[in-house]
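Working notes, beginning with the structure itself.
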Amino acid sequence: MMHKFLTKCDEALAEISAQGRYRRFVALEKLADRFPYYSVTMEGKTRDILVWSTNDYLAMGTDPVVIEASIDAAKRFGAGAGGTRNIAGSSPLHVALEEELADLHGKDAALLFTSGYVSNQASLSAILRSLPDWHVFSDAQNHNSMIVGIKDARQATVHVFKHNDMADLERLLAAAPADAPKLIAFESVYSMDGDIAPLAQICDLADKYNALTYLDEVHAVGMYGEHGGGVSERDDVARRITIIEGTLAKAYGCHGGYITGDFKVLDYIRSVAAGFIFTTALPPPTVAAALASIRTLKADNARRALLFNRAETLKQKFRDAGLPVMPSTSHIVPLMIGDAAKATEVSMRLIREFGMYATPINYPTVPRGTERLRFTPGPKHTDAMMDNLVAALQHILQPAQAVTA
Ligand SMILES: *Cc1c(COP(=O)(O)O)cnc(C)c1O
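Structure representation (structure tokens):
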């Protein structure tokens, strides 16, 4: 007889398919010398595809300086770290990267993790398991990695506040016991809608109710602020935030996650967080590449300016063409489709007919009925590429208008 779990797999997969959200990964081969072009083999044919959906926002993953740093470190130190941080896996390179990250955010110290996901999950879980009576205030649109870390601390009382809604946050803070330890967990740039949290107002509420703050700057580091320190640097509130978390895998184009904060707090997390302790340290080539990337971006405001210019240009072109661009205040350009099957279909037609790729974002990443395509134009997306994209989207989404135009 078939094992119950295998029957469950069949049923669940059939249901996911019927809802039009079966996940098919397009195998995209990044072309380092031609980024953002990738090579794709579909239906037996290989061709170059222009990718609009990378989180390598500033093209740092293919930057020659970053690639060279990675190759050089591989030759000098080998491919892998060979141990946890405790078991021969800590190198001067790891320490240098942590110092660079602490400096980036104006904090005492930094701690590296395997990924941004693990940094959130492990750190929040460690903090919220430290005392029996935590009250945590979590933005309704927080990333899964934060939610999982919060849920892991079963004794904490969890309050979910309406997304970026300061009145709702204050209502919940005021209702919680005055002497209970409190933590507010939130992001700066929310990557699905492209909106940005009011960081200074959250810090004001944290002061008023004696709460600590935990900020995920994953979609902002490298891009916002004078040195790429994120929205907390741009808004000059970094010193008011207890823990700033980030990734090396998005704008820095490499891999790994981290937190920064006070010595004492990080020393505690370093000593108790299972997701930090029981896993192999990041590979030296990755660490060296991230260091080169952060140092490059600290001094490269021109690249940041170009990113925002590219995003604003694409938003304007979408608006001019009457395409349903969502109201983003960041570098992210989401286009509302409103249906899972349609979002997938539009994405497939973009590849097949126009040689371009944009990721369909479906439930559970976003609520049902708000399925969308997400565009993240970077320094290498030209006006001409954008014009071709707009024409392709008009052809797919507004066939009637395209005929009469
Ligand atoms: C991508 C993402 C993470 C996880 O970072 P990784 O380095 O990819 O694991 C964490 N938080 C948010 C908001 C993200 O979008």
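For the record, in the sequence shown the residue sitting at position 396 is 480 according to my numbering, with numbers rising by one throughout.
Ideal Cβ placement from N, Cα and C applies to all residues, glycine included.
Here the structure is a predicted model, which is why all the values come from computation and not from measurement.
Can you find the residues in the same chain that come closer than 7 Å, C-beta to C-beta, to ASP319, ignoring five residues on each side of it along the sequence? Closer than 7 Å at the Cβ level, and outside the excluded window around ASP319, lie LEU283 and ALA284.
With distances taken between CB atoms, is the gap from ALA475 to LEU457 smaller than 8 Å? No; because the gap between Cβ atoms is not below 8 Å, this pair is not in contact.
Residues sharing a beta bridge with ASP132, DSSP: According to the DSSP secondary-structure assignment, ASP132 is paired through a beta bridge with SER123.
Do the stretch 242-261 and the stretch 173-190 meet, that is, are 3 or more Cβ pairs less than 8 Å apart? Not touching, per the Cβ criterion.
Curious, which full-length beta strand (DSSP E) runs of at least 3 residues does the stretch 199-281 contain? Entirely contained in the stretch 199-281, the beta strand (DSSP E) runs reaching 3 residues are, in chain order, 219-223, 241-245 and 266-271.
Quick check on the DSSP output: what are the complete beta strand (DSSP E) runs of length 3 or more inside the stretch 299-350, in order along the chain? Complete beta strand (DSSP E) runs here, min 3: 327-331 and 341-345.
So PHE197 and GLY340 are supposed to be a Cβ contact under 8 Å. How far apart are they, rounded? About 7 Å separates the beta carbon of PHE197 from that of GLY340, a gap short enough to meet the 8 Å contact definition.
With a CB to CB cut of under 8 Å and the five nearest residues on each side skipped, what residues in its chain are close to TRP136? Residues PRO120, MET440, TYR441, ALA442, PHE459, THR460, PRO461, HIS465 and LEU473 of the same chain have their beta carbon placed closer than 8 Å to that of TRP136, with the five preceding and five following residues left out of the count.
In chain order, what residues of the same chain lie with their CB nearer than 6 Å to the CB of LEU481, ignoring the 5 residues before and after it? Excluding positions up to five away in sequence, the list is empty.
CB-CB under 8 Å to VAL35, same chain, minus the five flanking residues each way: which ones, in chain order? The first residue shown for the chain is 85 and the last is 489, placing residue 35 beyond what the model contains.
Could you tell me whether any non-hydrogen atom of ligand 1 is closer than 7 Å to the CB of HIS219? Incorrect: HIS219 has no Cβ contact closer than 7 Å to ligand 1.
Beta-carbon spacing of VAL356, ILE327 below 8 Å: Not in contact: VAL356 and ILE327 (Cβ atoms no closer than 8 Å).
Nearest-angstrom Cα separation, counted from GLY278 out to GLU396: Cα to Cα, the separation comes out at about 12 Å.
Would SER377 pass as a contact of MET144 if the rule is Cβ separation under 8 Å? A contact, by the Cβ cut-off of 8 Å.
Determine the DSSP secondary structure at ILE421, reduced to helix, strand or coil. It is coil, neither helix nor strand.
Along the chain, where does the alpha helix (DSSP H) that runs through PHE392 open and close? Judged by DSSP secondary structure, PHE392 falls within the alpha helix (DSSP H) whose first and last residues are 385-404.
Under 6 Å Cβ to Cβ from ALA425, same chain only, skipping five residues before and after it: list those, please. For ALA425, where only same-chain residues beyond five positions count, the Cβ hits under 6 Å are GLY104.
For ALA489, which residues of its own chain have a beta-carbon under 6 Å away from its beta-carbon, when the five flanking residues on both sides are left out? For ALA489, the predicted model reports a pLDDT of 45, less than 50, meaning its position is unreliable; a value from the coordinates is still stated below. Closer than 6 Å at Cβ, skipping near neighbours: no residue.
Following the continuous beta strand (DSSP E) through LEU457, name the residue where it begins and the one where it ends. It spans 456-459 - the beta strand (DSSP E) in which LEU457 sits, taken as one unbroken run.
Could you tell me the alpha carbon to alpha carbon distance between GLY490 and VAL110, rounded to whole angstroms? No answer is possible for residue 490: it lies beyond the span of the chain, which begins at 85 and ends at 489.
Endpoints, beta strand (DSSP E) assigned at THR449: Where THR449 is concerned, there is no enclosing beta strand (DSSP E), given that its DSSP letter is neither H nor E.
Residue environment, ASP140, which counts as buried when at least 16 other CB atoms sit within 10 Å: Here ASP140 is buried. Its C-beta has 16 or more other C-beta atoms within 10 Å.
State the CB to CB distance for the pair ASN204 and SER229, rounded to an integer number of angstroms; the pair is presumed to be in contact (CB under 8 Å). Correct: roughly 4 Å between the Cβ atoms.
Hey, is GLY314 close to ligand 1, as in C-beta under 7 Å from one of its heavy atoms? Answer for GLY314: no, Cβ out of range of ligand 1.
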